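Numbering (this note's numbering), first residue to last: 290 to 666. Even for Gly, the Cβ is constructed at its ideal location relative to N, Cα and C. This one's a predicted model, so the numbers in the text were calculated from it and none came from an experiment. Report on the following structure.
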Amino acid sequence: MDETFRIHNRRIRSIDVVRGIAVIAMIYNHFGHALVNPTYFPPLTLTILFPAIWGQGLFYGFIGVTTAMVDHRIKAKGVPQSAVWRRLLPRAGMILFMGYLLSIMMGGWRWVLDWSVLQLIAVSMIVSQLAMKIPPRYRIALPVIIVAMTPFLQLLLNYQVVSTAVTYQPPQNLLEHLAAMITNGRLPLFPWLASPLIGTIVGEAIVAPSKQPLKLTQASLVAGAAQLACLPPLVFLAGDALTQAPLTIGYFLLVNGLAFLITAAVVTTVDLWRWRWSPIPQFCEVNGQMMLITYIMHFLYCPLLLTHTLGFVQNMEVVGFFIAVVGYFVLSMVFARFWLPFRFKNSSRVDYYATFVLLAIGVLWRIIFAYLGIWSW
C-alpha cells in the first residue's frame, strides 16, 4: 500500500474520480427520469436507474471533504482566515446565481424561486466552512441534529410530496421559497445539509502527516457503515419506506451511506492499491475536473436538444436511453479534449465564465422556443 495520494495536473486523482462519479450518476439519473417511461418493464427500469441514486450523496458529501482539505492547506501556509472567505464567498455567490438562472432557463420566470441542486451546493459550501471552526468531536453532533429535526420540520411546514417537474409547483413568494429551502423543496437543507457536514469530518483524514489515503478510506468506511447501520431499525421498527418522494430519513441515509462507501472504494483502488490507469477511471476523472460545466451542459443536451428540439419524449425504451447517454458523454469528452488544457494553463475561474456562457446560450434558446410557441415561458 502507498501512503500518498496520486497527483495529476496538481490535483488529487481519486478526488476527481469521485467527483466524476457523482456528476455522471446525477446526469444518468436525470436522463432516466426525462427519457425512460417508468411503466416500461418497471423491474428493468428500476435496475437501470438504481446506480444513479448515490450521486446526490457524493455531490454534497464531497463538498465537506474538499472544504476540510482546502481549509487545512490554507492554514498550513499561514494564510489568515479572511483569505478563505475572500475565496469562498464569490464562488458560492456565483454558484447560487447560476442555480436561479438555471431554474429560469428550465422553467421560465415562475420558477425563479425554485430551490434545487446548485443553490444547495452554494449554501453547503458556506455552512461547511463555518463548521470547520468546531472541533470534529463536537461537529459530529450537527448532522445528527439536522437529521433528527427533519421529520418535525416537515410536519411543521406542511411538507407535501415533491415528485416530478410535471406535478411539482415551484415557490411563488418569499415565504414559500424559505419553506422550500428548509424542507419543502426538491433538495432541502434538512436533511441534505447533514451530508457536507459529515464530509468535513471525513475530510479531516486528508490533513494527517502520513498514510492519508488509508485514513480517508477508514473514515469514509466508518461514515458509510454508520449511516447504513441505522436503516434496519428505521425500516423494520419505524416503517420507513425508503422513498425519495416523499423524502424519508431512511432514503437519505441509504444514499449518503452508499456515497461514502463508494468514496472508500475509489480511494482504495486509486491510491492504496495503485491499480493500472484505464479508460473508465480516466473518464470519471475528466468529468470530475470539469464538474460544474458537465452538470450545466447536460441540461442543454437533454431537455433543450433532445426533448424540445428533436422531439424526444418520455417513452423511450432502454436502448434509446443508452444511446442518448452515450452520445452526451462522447460530446463531453470531445469538449474536455480542448477545454481542460486551456483551463490548466489559466485558472479554475474560467470554469465559472464558461458555465455562465452555457447558461446564457440556454436562456436564449429558451426565449426562442417561447417566441415560437414550442415551449411556453
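Asked                                                                                                                                                                                        : Found
Roughly how many whole angstroms lie between the Cα atoms of G546 and T598?                                                                                                                  : 38 Å
Kindly examine the ligand SAM and report whether one of its heavy atoms sits closer than 7 Å to the Cβ of A512.                                                                              : Annotation note on the ligand SAM: not contained in the displayed structure, which lists no ligands.
Which residue comes first and which comes last in the alpha helix (DSSP H) that contains V608?                                                                                               : 607-634
Exposed or buried, what is G577 when buried is set at 16 or more other beta-carbons lying within 10 Å of its beta-carbon?                                                                    : buried
Check S556 in the structure and name its three-state DSSP category.                                                                                                                          : Note that residue 556 is Val in the sequence shown here, rather than Ser. Three-state result, V556: helix.
Alpha carbon to alpha carbon, how far is M580 from I415?                                                                                                                                     : 19 Å
Starting from R300, follow its DSSP beta bridges and name the residues at the other end.                                                                                                     : H297
Beta-carbon within less than 8 Å of A514's beta-carbon, same chain only, minus the 5 sequence neighbours each way: which residues are those?                                                 : G546, L550
Once you ignore the five residues that flank Q533 on each side, which residues in its own chain have a CB closer than 6 Å to its CB?                                                         : Y540
Could you tell me whether the Cβ atoms of I393 and V652 are closer together than 8 Å?                                                                                                        : yes
With burial defined as no fewer than 16 other Cβ atoms inside 10 Å of the residue's Cβ, what is the status of R563: buried or exposed?                                                       : exposed
Starting from the C-beta of V455, find all residues in its chain whose C-beta is less than 7 Å away, skip the five residues before and the five after it, and write them out in chain order. : Residue confidence for V455 is low, a pLDDT of 49 falling below 50, so the modelled location carries little weight and cannot support an answer.
Where do the N-terminal and C-terminal ends of the alpha helix (DSSP H) with F572 fall, by residue?                                                                                          : 568-578
For the candidate residues G353, F610, G309, T472, whose alpha-carbon lies nearest to that of P535?                                                                                          : T472
Near I429, which residues of its chain fall below 7 Å by C-beta distance, leaving aside the five closest residues on each side in sequence?                                                  : I490
Quick check: the Cα distance between K366 and I495, rounded to an integer number of angstroms?                                                                                               : 16 Å
Buried or exposed: which applies to H297, given that a residue is buried once 16 or more other Cβ atoms fall within 10 Å of its Cβ?                                                          : exposed
Give the single residue among R302, G396, L407 whose Cα lies nearest to the Cα of I384.                                                                                                      : L407
Three or more C-beta pairs under 8 Å: does that hold for the segment 341-351 against the segment 470-484?                                                                                    : yes
Quick check on the burial criterion: 16 or more other C-beta atoms within 10 angstroms. Buried or exposed for R302?                                                                          : buried
Once the 5 residues before and after L673 are set aside, which same chain residues still bring their CB inside 7 Å of it?                                                                    : This structure cannot speak to residue 673, because the chain is shown only from 290 to 666.
Could you tell me which of Q507, V307, A411 sits nearest to L476, measuring between CA atoms?                                                                                                : A411
So which of Y389, F441, T506 has the shortest CA-CA distance to A649?                                                                                                                        : Y389
To the nearest angstrom, how far is the alpha carbon of G616 from that of P522?                                                                                                              : 43 Å
Closest by CA to W374, which one among Q418, M358, G488, T355?                                                                                                                               : Q418
Can L402 and P459 be called in contact, C-beta distance under 8 Å?                                                                                                                           : yes
Output yes or no for whether 8 Å exceeds the beta carbon distance between V559 and P570.                                                                                                     : yes
At what residues does the alpha helix (DSSP H) containing W481 begin and finish?                                                                                                             : 478-481
Per DSSP, what kind of secondary structure is I487 in: helix, strand or coil?                                                                                                                : helix
Looking at C-alpha atoms only, which residue of L593, F479, A381 is the closest neighbour of I435?                                                                                           : F479
In this structure, does DSSP put I551 in helix, strand or coil?                                                                                                                              : helix
Grab me the residues of W343's own chain with a C-beta within less than 7 Å of its C-beta, minus the 5 sequence neighbours each way, in chain order.                                         : A314, V544, L547, A548, I551
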